[in-house]
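Position 130 of the sequence shown, counted from 1, bears residue number 1453 in this note's numbering, the numbering being contiguous throughout.
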Amino acid sequence: MKKLCILLLLGGFAYTSSAQNVVLLEYFLDTDEGYGNNTVMSVTPAADGPFPFSVDLTGVSIGHHKLYIRTRDSDGRWSLTSRRNLEVIPSFTDKNVTAAEYFFDVDPGVGNAVSIPVSPQIADVSQNFAATTSLLAPGYHKLYIRTKDEQGAWSLTARRNVNVVRSEEPMLVSGVEYFFGNDPGVGKASFIEFNAPLTDGDFNFTIPAAQIPTGVDTLFLRAKDSTNKNWSLTAFKTKYFITSNCPNSVWLGTVSNDWHNPANWSCNQVPNATTEVVIVGLTTYPCEVLTGN
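Pasting the structure below:
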């Protein structure tokens, strides 16, 4: 029960003379029900002096009100009515948080934002929630959050900055480029596109023998993903087996690094331009973003 304690000093409230005593007082808030029809309280009879009493504020709305007070003496005569302004404020005891809401960028109004279930409903709440960002454009936005207590009062609105990024689509290896010797630059080497792109796996492809320079034995490779933005690190292979137009012929490389020297082949014959060159044992490397065209 809410109460307001009042110390009433009756210096000139009553019409009484020193022979009469104040025996009653009554008070009311805002609306007068008539003499003797409001809240009446007995006091210790006295001709004059302080008369402490409490005002019951149960059911009185929060905000500004007018308190009226008057007294009655032992002859039944009422004093003038005194008025005081007062403000009823919420209790300072902790209230339980019963609801919460959030919104991005533009406030739709208190109670009209996206609801956040609160559990347990206690005074100090600490919990995680997921904010839906599917309708937001990629980039920076402002997230606002507020809570409501058990008396229906809303908190101040808190703000956080968030950055919405687009989820990456699964990247597929769409092809590979290769070169021998000097690197011409990312995206500028010979490119082979795969018919069946995969996120990972083994990829077989052929390199025409005529494109292999004389005197080199290192093959460089890098893969490109299906977004056409990301290239893998550059891998290289210094030993590889090549099928030639000579049955069961393999690369020996015992004489020199010269591709066109027949002595470097097991059957003493250089593969011709129609020979399929199969690279085996190549290791797949993860994609990273590189600068390229």
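Every residue, glycine too, gets a C-beta built ideally from N, C-alpha and C. Keep in mind the model is a prediction, meaning the values are calculated, not measured.
Quick check on residue i: does DSSP put it in helix, strand or coil?
i, result
"A1423", "strand"
"A1586", "helix"
"A1533", "helix"
"K1389", "strand"
"P1373", "strand"
"Y1463", "strand"
"T1367", "strand"
"V1509", "coil"
"Y1358", "coil"
"V1378", "strand"
"R1407", "strand"
"I1412", "coil"
"A1698", "With the chain running from 1324 to 1616 in the structure shown, residue 1698 is simply not present."
"S1579", "coil"
For residue i and residue j, what's the separation of their Cα atoms in angstroms?
i, j, result
"L1390", "F1351", "6 angstroms"
"T1470", "P1368", "52 angstroms"
"V1509", "Y1501", "10 angstroms"
"L1466", "K1547", "37 angstroms"
"I1385", "G1475", "12 angstroms"
"N1484", "P1431", "18 angstroms"
"P1413", "M1494", "58 angstroms"
"K1552", "Q1444", "49 angstroms"
"I1439", "L1479", "16 angstroms"
"L1380", "E1349", "15 angstroms"
"V1496", "P1461", "26 angstroms"
"N1629", "N1505", "There is no way to answer for residue 1629, as the model of the chain reaches only from 1324 to 1616."
"P1507", "R1482", "50 angstroms"
"V1429", "H1464", "10 angstroms"
"A1533", "L1556", "26 angstroms"
"P1373", "D1417", "35 angstroms"
"W1477", "V1383", "20 angstroms"
Residues bridged to residue i by DSSP?
i, result
"T1503", "Reading off the sequence, residue 1503 comes out as Phe, not Thr. F1503 pairs with L1542."
"E1473", "DSSP output for E1473 lists no bridge partner at all."
"F1351", "Y1391"
"S1442", "Per DSSP, none; premise fails for S1442."
"V1437", "Y1425"
"K1560", "L1542"
Can you name, in chain order, every residue of its own chain whose Cβ lies under 7 angstroms from the Cβ of residue i, other than the five neighbours on each side?
i, result
"F1426", "A1436, V1437, Y1467"
"I1515", "G1498, V1499, F1528"
For residue i, which residues of its own chain have a beta-carbon under 8 angstroms away from its beta-carbon, when the five flanking residues on both sides are left out?
i, result
"V1441", "V1420, T1421, A1422, A1423, V1448, Q1450, T1470"
Spatial neighbours of residue i within its chain, please: C-beta separation below 6 angstroms, excluding the five flanking residues on both sides.
i, result
"L1409", "H1388, L1390"
"W1401", "Y1358, R1393, R1395"
So is residue i buried or exposed if we call it buried at 16+ other beta carbons inside 10 Å?
i, result
"V1378", "buried"
"L1544", "buried"
"L1542", "buried"
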